[in-house]
Amino acid sequence: MLVVTRKRNEAIIIGDGIEVRVLRHGRDGVRLGITAPTHVAVHRQEIYDMIRAANATAASGPAAVQDLVQRLRDRIPQP
Amino acid sequence: MKAVVSTKTSNGSAATTPAGEQDAQIIEFPAGLPGFEGCRRFILVVSDELKPLAYLRSLDPPEPSFLTVDPLIIDPQYDLTLREFERARLGAAANEPLVWLSIVTILNGTATANLRAPVVLNPRRMVGCQFIRDDRDYSVDFPLGKA
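Written out as structure tokens, the structure reads:
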């Protein structure tokens, strides 16, 4: 792991056009400003991990869903 | 079971194009899905017996299948706005009709929907992405009751 020390308003550049800047730091945490190309997704790690876990659970095998199907159909307004 | 490409628009009108499952149109997910980053090619499989649920199935290993549903059925007020960079990732012009899907999880006979990270498809370009909505406080496991 690369470890660098940055002061307020100093930044690091990662690869092609990703900039991470320290905006503020204090007892409550470090506030970062991230500039990245649109094809690069930036997420808080715990949120990304939560979605990854949700996807892994959702992807497990086929399930019997007839009750759910009927209840969803009941929700759709009839024309 | 038939595979179709749904071109349902956000204002509720729907048109589907039936196709044989073998030649179902492939939807590209350039970033895969979180946890399935290597899954780039998907097809959307709908069937009369599962409507309004549809399967989003990957053609890439481990070939995961996801049950999905239109989030507007779950929450008629569901916010269908994308941020500009999200729209750019789908190559979508402003007001371009997009298909929104919430992934449904069945766990111990109970169903939940992931409203926090919807899958959005651009049917014109056959490209899709799962977006994480940091801007809205939607549930990752919104209860749908018994499966």
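In the order they appear, the protein sequences are chains A and B. When you line the first sequence up against this note's numbering, it's residues 18 to 96, in that order. When you line the second sequence up against this note's numbering, it's residues 805 to 951, in that order. Positions of the beta carbon are idealized from the N, C-alpha and C atoms, including for glycine. All values derive from a computational prediction rather than experimental measurement.
Under the three-state reduction of DSSP, which class applies to GLU832/B: helix, strand or coil?
What you label residue 832/B is simply residue 28 of the second sequence in a count that begins at 1. In the structure shown, GLU832/B sits in a strand (DSSP, three-state: E or B).
Would LEU863/B and ILE907/B qualify as a contact pair, given that the criterion is a beta-carbon distance under 8 Å?
The count along the second sequence starts at 1 and reaches residue 863/B at position 59. The count along the second sequence starts at 1 and reaches residue 907/B at position 103. Taking 8 Å as the Cβ cut-off, LEU863/B and ILE907/B do not qualify as a contacting pair.
Take GLN62/A as the anchor and find which of ILE35/A, ALA70/A, THR55/A has the nearest alpha-carbon.
As a first step, residue 62/A is located in the first sequence; it is residue number 45 there, counting from the start. Ranked by Cα distance from GLN62/A, the first of ILE35/A, ALA70/A, THR55/A is ALA70/A.
Between the alpha carbons of TYR942/B and ASP879/B, how many angstroms are there, rounded?
Mapped onto the second sequence, residue 942/B falls at position 138. Mapped onto the second sequence, residue 879/B falls at position 75. So the two alpha carbons sit approximately 11 Å from each other.
Per DSSP, which residues does PRO947/B bridge with? Please list them.
Translated into the one-based positions of the second sequence, residue 947/B becomes position 143. Note: PRO947/B sits in a beta bridge opposite THR916/B.
Considering Cα atoms alone, identify which of THR74/A, THR55/A, ALA73/A is closest to ARG891/B.
Locating residue 891/B in the second sequence gives position 87, counting from the first residue. The residue with the shortest Cα to Cα distance from ARG891/B is THR55/A.
Since I believe ALA58/A is in contact with SER869/B (beta carbons under 8 Å), could you give me their beta-carbon distance rounded to a whole number of angstroms?
Locating residue 869/B in the second sequence gives position 65, where the first residue counts as 1. Locating residue 58/A in the first sequence gives position 41, where the first residue counts as 1. Actually they are not in contact, since the Cβ atoms of SER869/B and ALA58/A sit about 23 Å apart, beyond 8 Å.
Determine the direct distance from the alpha carbon of MET67/A to that of PHE935/B, and round the result to whole angstroms.
As a working note, residue 935/B is residue 131 in the second sequence. As a working note, residue 67/A is residue 50 in the first sequence. Answer to the nearest angstrom: the Cα atoms are 13 Å apart.
What in chain A is Cβ-close to GLY949/B, meaning under 8 Å?
Within the second sequence, numbered from 1, the residue matching residue 949/B stands at position 145. ASP84, LEU85, ARG88, listed in chain order.
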